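Numbering (the UniProt record's numbering), first residue to last: 1 to 214.
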């Protein structure tokens, strides 16, 4: 519409200035659209890495069954006859732990590569008019949205999906750290909620490399 006006009835310095501003915004919109498409592709890669990690990890129910069996064997091992069975159960648990660590390492590699490929969005062009500047501020500084590639509210960092997370690549809410999936995690690479530490699989763990809960 602007080009039609400047090419016919609207002539002069104001017309030229408006045409210049409009063309700049069209270029910005085009480049931002391309960047948004790239960000969506990287988000799909990160989601695929998460799904692959979940599929590769040992189910918490299996871990719980292993620990329950261990407690039963230990409490009934009055004469030491359960020692071989206890050793077998512990070996199975170590295999579970190794499998989950390998899965988390693979997730770390895939998700980190996806986040590293993201590029910052180009800032919207400055408008010469005070009213347009106010509109620009309202668009860029949407309440609770800080930094780039966040989906949700109150996130600080890059690539967070959810609410009130601080860090990068978190999915959920209230996470502090990076690449956490869940809520209320303090650390990194946790699958679950309420973990304090890193590389935990399950909820409510204190420390790192825990499998299960509490």
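Don't be surprised by glycine CBs; every beta carbon is placed ideally from N, CA and C.
Small disclaimer: the values here were computed from a predicted structure and weren't measured.
When the options are compared against residue i, the one with the closest alpha-carbon
i, options, result
"residue 44", "201, 169, 202", "169"
"residue 113", "195, 206, 39, 29", "39"
"residue 69", "190, 46, 154, 93", "93"
"residue 60", "198, 33, 30, 99", "99"
"residue 103", "46, 54, 180, 76", "54"
"residue 158", "42, 96, 87", "42"
"residue 118", "192, 34, 208, 85", "34"
"residue 48", "63, 111, 75, 84", "111"
"residue 63", "207, 95, 85", "95"
Distance CB(residue i)-CB(residue j) smaller than 9 Å
i, j, result
"residue 201", "residue 58", "yes"
"residue 166", "residue 176", "yes"
"residue 182", "residue 203", "yes"
"residue 101", "residue 66", "no"
"residue 107", "residue 50", "yes"
"residue 28", "residue 211", "no"
"residue 199", "residue 190", "yes"
"residue 205", "residue 188", "no"
Opposing strand residues paired with residue i [DSSP bridges]
i, result
"residue 201", "191, 211"
"residue 168", "158, 178"
"residue 206", "196"
Which of helix, strand or coil DSSP assigns to residue i
i, result
"residue 74", "helix"
"residue 81", "coil"
"residue 182", "strand"
"residue 32", "helix"
"residue 108", "helix"
"residue 58", "coil"
"residue 118", "coil"
"residue 64", "helix"
"residue 144", "Confidence is the limiting factor: at residue 144 the pLDDT is only 46, short of 50, which leaves the residue's position unreliable and the question unanswerable from this model."
"residue 129", "Bear in mind that a pLDDT of 49 at residue 129, under 50, signals an unreliable position, so the number given afterwards is only what the model happens to contain. The answer is coil: DSSP assigns residue 129 none of H, G, I, E or B."
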